[in-house]
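Chemist:
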Amino acid sequence: MITGYHADFAPSAVERGFEVLVSIELADQSPDTTTRFETELTSHREVIEARRMFGSPDFEVVVATRDLAAYEAFMRRTLLTLPGLGRLVSRFPMVLIKADSPSRTRARAI
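If you're matching positions, the sequence shown starts at 76 in this note's numbering and goes up one per residue.
1) Evaluate the contact criterion for the segment 112-119 versus the segment 162-171: three or more CB pairs, one atom per stretch, below 8 Å.
2) Got a sec, what are the start and stop residues for the alpha helix (DSSP H) L116 sits in?
3) Is the beta carbon of P135 sitting closer than 8 Å to the one on S98?
4) Per DSSP, what kind of secondary structure is F129 in: helix, strand or coil?
5) Count the other CB atoms, across all protein chains shown, that sit within 10 Å of the CB of V95; report buried if there are 16 or more and exposed otherwise.
6) Is the distance from the Cβ of T110 to the Cβ of L101 below 8 Å?
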């Protein structure tokens with residue numbers, strides 16, 4: 076079933092070419108805190124994907140910014156101030172090997 080249509084774009088053309096995988100654990104997992112956390116997290120355009128997980132970590136998030144400096148600013152200004160935050164771990168992908176969207180897939184260097 077078709078759930079929608081979209082256009083693929085070059086992330087670097089809109090200053091979102093630097094992607095960071097962020098694992099987040101909440102210090103307080105009450106329903107109120109979790110709802111506030113999710114609402115605040117997903118309100119930022121830098122957050123391009125967010126998943127609530129079973130087990131640890133509580134959330135896996137993909138953040139897209141212009142570069143490392145822009146990510147650090149976003150992390151300090153926004154992510155570290157989210158309600159209920161317990162622990163945040165940032166990981167930087169070396170290369171995207173496969174994605175559902177062909178324009179997001181990068182060839183692996185050999």
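For every residue, glycine included, the Cβ atom is placed at its ideal position computed from N, Cα and C.
Modeler: The answer reads as follows:
1) Touching, no.
2) Looking at the DSSP string, the run of the alpha helix (DSSP H) that includes L116 is 106-116.
3) Reading off the sequence shown, one finds Glu at residue 135, where the question assumed Pro. Taking 8 Å as the Cβ cut-off, E135 and S98 qualify as a contacting pair.
4) Note: F129 maps to coil in three-state DSSP.
5) Buried.
6) Judged by beta-carbon spacing, L101 lies beyond the 8 Å limit of T110, meaning their Cβ atoms are not closer than that value.
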